[in-house]
Amino acid sequence: MSIPVLDSSRFLLVLGLCLTSAPFAAPQAPAQSENTVLIFAAASVQTALDEIAPAAERATGIRMRMSYAASSALARQIESGAPADIFVSADIDWMDYLAERRLVQTTTRVNLLGNELVLIAPKDKPVTLKIGPGFPLAATLGRDRLALANPDVIPAGKYAKAALTSLDVWPSVSARIAAAETVRAALQLVARGEAPLGIVYRTDAIVEPRVVIVDRFPTSTHPPIVYPVAVTSVAKPSAAKILEYLKSPAARTVFERQGFSVPAR
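Below is the structure:
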């Protein structure tokens, strides 16, 4: 049987149809590098960690990727399978939450930082108010609201509620709270003048030039503000090097300059 000979134009047409009908495999995204560590960290440590990251990367050869949010939200994401390598919480409770579910390596856990709680006001609308038992916070607010992180779940908000409760002030302001998703969001409400007063960490107030510290809350009015850190149960081995750097003297210098305290270990 003779085989028909195709002219050049018909040959090219047939070839094109064959190529377009052939199966095509889409390229797969490369897996995350062993030399990249994903850190889930409380929003209040953002300024410090962003400053530390370049030096840490030079010292370790490991890239740091950061995700900042409320500790509660980050812990829930890790519980849901988010591939975080390191978790920095703004309180002990949310680290305990993950430890109870075996989602962090408890042998790596350490109390990294401490902080203070302060009352702030917009810089262009300063307020004179001394914090103490029964101090007139509600009267100073007038018809406005007090900005703070959600007191039901966010560490900074929980500390604020505890302090105001201890000072017998919470009942007078509990219905007039502007609850924010993070402590940094509460900070911005005051910075923009949307709230006349707010309660945030001292480290937040230091980095925002549009606010002033009215007064500090006595440490006896709330549980100690502690930032535990740990490597997660799914972490890459390289996460240990970054954790060690976060505990180093070089990192300590940055943390203290940003207003954090560093507990003895």
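Sequential numbering from 66 applies to the sequence shown in the numbering used here. Built from N, CA and C at the ideal position, the CB exists for glycine as well.
Exposed or buried, what is Arg-174 when buried is set at 16 or more other beta-carbons lying within 10 Å of its beta-carbon? buried
Given this structure, state the Cα-to-Cα distance separating Lys-226 from Arg-123, to the nearest angstrom. 41 Å
Quick one: give me the first and last residue of the alpha helix (DSSP H) that Asp-209 is part of. No alpha helix (DSSP H) contains Asp-209, which DSSP labels as neither H nor E.
Please list the terminal residues of the continuous beta strand (DSSP E) segment that includes Phe-105. 101-107
Report the rounded CA-to-CA distance for Val-265 versus Ala-245, giving the unit in angstroms. 11 Å
Helix or strand or just coil, what does DSSP make of Leu-262? strand
Quick one: what does DSSP say Arg-174 is sitting in, helix, strand or coil? coil
Go ahead and pull the three-state DSSP assignment for Thr-193. coil
What residues are listed by DSSP as bridge partners for Pro-293? Asn-176
Test item: CB-CB of Arg-275 and Lys-188 under 8 Å: yes
Which class does Ile-143 belong to by DSSP, given the choice of helix, strand or coil? helix
Who are Met-131's beta bridge partners in DSSP? Ile-104
To the nearest angstrom, report how far apart Glu-116 and Val-319 are at their CA atoms. 7 Å
With distances taken Cα to Cα, identify the nearest neighbour of Val-102 among Leu-168, Ala-316 and Ala-305. Ala-305
Please classify Asp-217 as buried or exposed, where buried requires at least 16 neighbouring CB atoms within 10 angstroms. exposed
Arg-330 (DSSP reduced to helix, strand or coil): coil
Taking Tyr-54 as the reference, which of Ile-278, Pro-302, Val-327 and Ser-313 has the closest Cα? Given that the chain is displayed from residue 66 to residue 330, the structure contains no residue 54 and the question cannot be resolved.
With contact counted as at least three CB pairs below 8 Å, one residue from each stretch, are the segment 235-244 and the segment 152-169 in contact? no
From this set, Glu-99, Ile-143, Val-279 and Ala-270, which residue's C-alpha is nearest Phe-200's C-alpha? Val-279
Do Asp-158 and Thr-297 have their C-beta atoms within less than 8 Å of each other? no
Grouping DSSP H, G and I as helix and E and B as strand, with all else coil, what is Asp-269? helix
So which of Phe-105, Arg-130 and Thr-286 has the shortest CA-CA distance to Thr-230? Thr-286
Using DSSP with H/G/I as helix, E/B as strand and the rest coil, what is Val-110? helix
Output yes or no for whether 8 Å exceeds the beta carbon distance between Ser-109 and Ala-251. no
What are the boundary residues of the beta strand (DSSP E) that includes Asp-280? 276-281
Just how far apart, CA to CA, sit Ile-104 and Ala-140? 12 Å
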